[in-house]
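Just so it is clear: in the sequence shown, position 157 is 195 by our numbering, and no numbers are missing. Think of the CB as a built atom: it goes at the ideal place given N, C-alpha and C, for glycine as much as any other residue. Every value quoted in this text rests on a predicted model; they were computed, and no experiment measured them. Beneath this line is the structure, given in structure tokens, with notes to follow.
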Amino acid sequence: MRAHLIQLDIAWEDKQTNYDRVERLVARAGPMPGDLILLPEMFDTGFSFNVERTGDGDLATLNYLKQLAADLEVYVQGSRTVQGPGGGENRATVIGPDGEVLAEYTKIHPFSLGKEHERFPGGSEIVTFPLRSGEDSMTVCPAVCYDLRFPELFRVGLQRGADVFAIGANWPQARAMHWRSLLIARAIENQAYVLGVNRTGSDPNLSYAGGSIAVSPRGEVVGELGSEETALSVEIDPREVRSWREKFPAWKDARIGFMPRR
């Protein structure tokens, strides 16, 4: 199966323009039924804290994701903001090929240096979702942007059977080297595919360099983009995960229970 990373130049707080851009890039990628489409963090608005204006209260973005998935019979993961009981939530929503919600993950690690935590309190649950069924099935663990800096999340995902980690981001150009290095590290540590889709372009506060990347369970870069608005399509194969973990089973030696909580 293939994964399609949609590297978008996100129009600031303009949902319809961003829906149109996604559709154009997805059409160019040419996904087949059962493929996975990954969108950047807050793909519909950019990294806006204005939840009252940009939050998905009318479910327009949710319905858009549902329609996109159902029309193409694919899996779609995209981050949107919603108003939760304790404030806004930066939420990655996963839609299955039937157009129904398959999983939702709320970003656990808000970016405190950028004061994200003041508008989007962190989530508390690591989730996984199934990709296809039978011999081709894979388990995917979603994450969002700053989560990438915290390997504990990924280790728990591995314990829950993750073969693929899918990260949507608005990662700034100033720390582009960290983005690439951490994605490769997470793949090596967990012997899993790591798919990182970043935005490109700029918003009122920051510039973004794209650099979306796909890394194999062996830590090899199997696809990478520059700063252009485009799509990256790569093959992901559950047999590659199984064979590498059997050949070099380092993941079995992790002593999770030995690590102190505090």
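Beta-carbon contacts of residue i that lie in its chain and below 6 Å, excluding the five residues immediately before and after
i, result
"residue 106", "114"
"residue 41", "74, 233, 272, 274"
"residue 221", "232, 234, 251, 253"
"residue 80", "117"
"residue 51", "83, 86, 92"
For residue i, three-class secondary structure by DSSP
i, result
"residue 228", "helix"
"residue 73", "coil"
"residue 147", "coil"
"residue 277", "helix"
"residue 128", "strand"
"residue 85", "coil"
"residue 136", "coil"
"residue 118", "strand"
"residue 165", "coil"
"residue 250", "coil"
Rounded C-alpha distance that separates residue i from residue j
i, j, result
"residue 116", "residue 259", "23 Å"
"residue 112", "residue 181", "19 Å"
"residue 157", "residue 264", "31 Å"
Pick from the options that is closest to residue i, judged by C-alpha positions
i, options, result
"residue 165", "185, 188, 136, 198", "198"
"residue 266", "279, 79, 137, 236", "236"
"residue 179", "53, 51, 76", "76"
"residue 49", "101, 85, 66, 146", "85"
"residue 109", "119, 138, 130, 127", "138"
"residue 72", "144, 169, 257", "169"
"residue 171", "44, 240, 134", "134"
Sequence-distant residues of the same chain with beta carbon closer than 8 Å to residue i, five excluded per side
i, result
"residue 276", "173, 174, 175, 176, 201"
Same chain only: Cβ atoms within 7 Å of residue i, ignoring 5 sequence neighbours per side
i, result
"residue 154", "148"
Residue i beta carbon near the ligand GDP (any heavy atom closer than 6 Å)
i, result
"residue 60", "Within the structure as shown, the ligand GDP is missing, as the structure has no ligands at all."
Note to self: Suppose only complete runs of 4+ residues qualify. What are the alpha helix (DSSP H) ranges in the region 184–243, listed by chain order?
What the structure shows: 189–197, 214–228
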